[in-house]
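Visitor:
Numbering (the working numbering), first residue to last: 549 to 954.
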């Protein structure tokens, strides 16, 4: 009797090639990707400024990819630098070192320059640690460009404590999300520009109306001066005396119009950063007033948003106007420090004043009030230090938390 033949056992078909995920795992991964796409798309389509969008974007990406840290950076193409907008899971020491760097100084900039994904597994590098994130103990890094209108405008990075586990599908999704974020940032910038233009147009109309009233007042003064000349020519002192109150009233009215113009006028400062405009304003003031001006600029931070830049420049103009009218100064020193925080300091060598009594005098009350009001709108602190005979120092400080991402 022959022994029974042994039949080779057959494994049930898996429907996948070796190394591929099971069907159930692939379906779950696809579901997670769709959920992440819908969640982030909804975020970017909703309200909020650039910083708020970037923060929500980074939080969701880190949760999706299982990252332990991350950053979002924007490009300042004029200076060839990238600036950290938001960060999570990385130390303040790293951010302090890299809050503003040249585009070719790190891997995050390399993704910008080449417009491609940059992935590094630090364990495979033979040389000693050379990147800040590597020195912090991260095992791998993935950087994706943020693209708008086919140009890289920033990058986002994901830092992993383990070796990078992003598969091809995840990389494609993250690349697409970089396009979505780029479009959202660009839209926010366009909206801010439109708002700035709308304000400038409205204020320009107001300024035009004031200009018209001043022109009419000056025309009336001109007629009254002609009448005064004729009265003097015929030795009619009574007629001349009767015209003097009218001239004084006209001058007072025109002066009031000018003060209103200075208090309410708005304009747009296109195409330049705040440091460049500061130098331009000081140059014009020096030529017009004859007061010597010096300026010191430390400009290593991100650009101020247009609205904040505008308020800073108007505060500077109001400070200069006060110096010209009230200080009797011979020299002005202006310093600007644009780092993570922003500060502007204006010093003069004029007569100075006692701060409390000066606030009660109408001559300086308007200027000081305008500067304080603008600083309040900025979310900045304005300090005024002065003493009779010791000049005046006006300091504007805008903390990093109050800065609006440009």
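A virtual CB, placed ideally from N, CA and C, is assigned to each residue, including glycine.
#1: Quick one: residues in its chain with C-beta nearer than 6 Å to the C-beta of residue 901, no 5 flanking neighbours on either side, listed in chain order?
#2: Could you pull the start and end residues of the beta strand (DSSP E) that residue 613 belongs to?
#3: Please state whether the Cβ-Cβ distance between residue 707 and residue 614 is less than 8 Å.
#4: May I ask you to report which of helix, strand or coil DSSP gives residue 653?
#5: Could you tell me whether the Cβ atoms of residue 602 and residue 630 are closer together than 8 Å?
#6: On the three-state DSSP scale, how would you describe residue 701?
#7: Exposed or buried, what is residue 918 when buried is set at 16 or more other beta-carbons lying within 10 Å of its beta-carbon?
#8: Applying the 10 Å Cβ sphere with the 16-neighbour rule, what's the burial state of residue 857?
#9: If you follow the alpha helix (DSSP H) that residue 824 is part of, which residue opens it and which one closes it?
#10: Using a threshold of 8 Å, state whether the C-beta atoms of residue 895 and residue 948 are closer than that.
#11: Residues in its own chain within less than 6 Å of residue 785 by CB, not counting five upstream and five downstream?
#12: Taking the continuous beta strand (DSSP E) assigned at residue 681, which residues delimit it?
#13: Helix or strand or just coil, what does DSSP make of residue 555?
#14: Below 8 Å on the Cβ atoms is my contact criterion, and I expect residue 899 with residue 937 to pass it. Report the Cβ-Cβ distance as a whole number of Å.
#15: Once DSSP output is grouped into helix, strand and coil, what is the label at residue 669?
#16: Under 7 Å Cβ to Cβ from residue 582, same chain only, skipping five residues before and after it: list those, please.
#17: Since residue 879 is in the beta strand (DSSP E), which residue starts that stretch and which ends it?
#18: Residue 862 bridges to which residues according to DSSP?
#19: From residue 868 to residue 791, what does the alpha carbon distance come to, in whole angstroms?
#20: From which residue to which residue does the beta strand (DSSP E) around residue 694 run?
#21: Could you tell me the alpha carbon to alpha carbon distance between residue 794 and residue 873, rounded to whole angstroms?
#22: For residue 945 and residue 646, I'd like the C-alpha separation in whole angstroms.
#23: Starting from the Cα of residue 836, find the closest Cα among 606, 844, 849 and 865 and give me that residue.
#24: Can you tell me whether DSSP reads residue 796 as helix, strand or coil?
#25: What would DSSP say about residue 664, mapped onto helix, strand or coil?
#26: Residue 872 lies in the alpha helix (DSSP H); which residues open and close that run?
#27: Residues in its own chain within less than 7 Å of residue 928 by CB, not counting five upstream and five downstream?
#28: Could you give the DSSP three-state label for residue 730: helix, strand or coil?
#29: Just to confirm, is the Cβ distance from residue 850 to residue 624 under 8 Å?
Guide: Short version:
#1: 934
#2: Counting along the chain, residue 613 falls outside any beta strand (DSSP E), though it belongs to the alpha helix (DSSP H) covering 598-613.
#3: no
#4: In this structure, DSSP gives residue 653 a state outside helix and strand, which the three-state scheme calls coil.
#5: no
#6: strand
#7: buried
#8: buried
#9: 822-837
#10: Not closer than 8 Å, so no.
#11: There are no such residues.
#12: Run containing residue 681: none in the beta strand (DSSP E); it sits in the alpha helix (DSSP H), 680-683.
#13: Because the pLDDT of residue 555 is 40, which lies under 50, any placement of that residue in the model is unreliable, and the question is left without a value.
#14: 6 Å
#15: In the structure shown, residue 669 falls within a strand segment according to DSSP collapsed to helix, strand and coil.
#16: none
#17: For residue 879, the enclosing beta strand (DSSP E) has its first and last residue at 879-886.
#18: According to DSSP, which records beta bridges pairwise, residue 862 is partnered with nothing at all.
#19: 35 Å
#20: 688-696
#21: The straight-line gap from Cα to Cα measures roughly 25 Å.
#22: The alpha-carbon atoms of residue 945 and residue 646 are separated by roughly 22 Å.
#23: 865
#24: Residue 796: helix per DSSP, three-state reduction.
#25: coil
#26: Under the DSSP assignment, residue 872 falls outside any alpha helix (DSSP H); it carries neither an H nor an E label.
#27: A distance below 7 Å between beta-carbons, with the five flanking residues on each side excluded, links residue 928 to the following residues of its chain, in chain order: 944, 945, 946 and 950.
#28: helix
#29: yes
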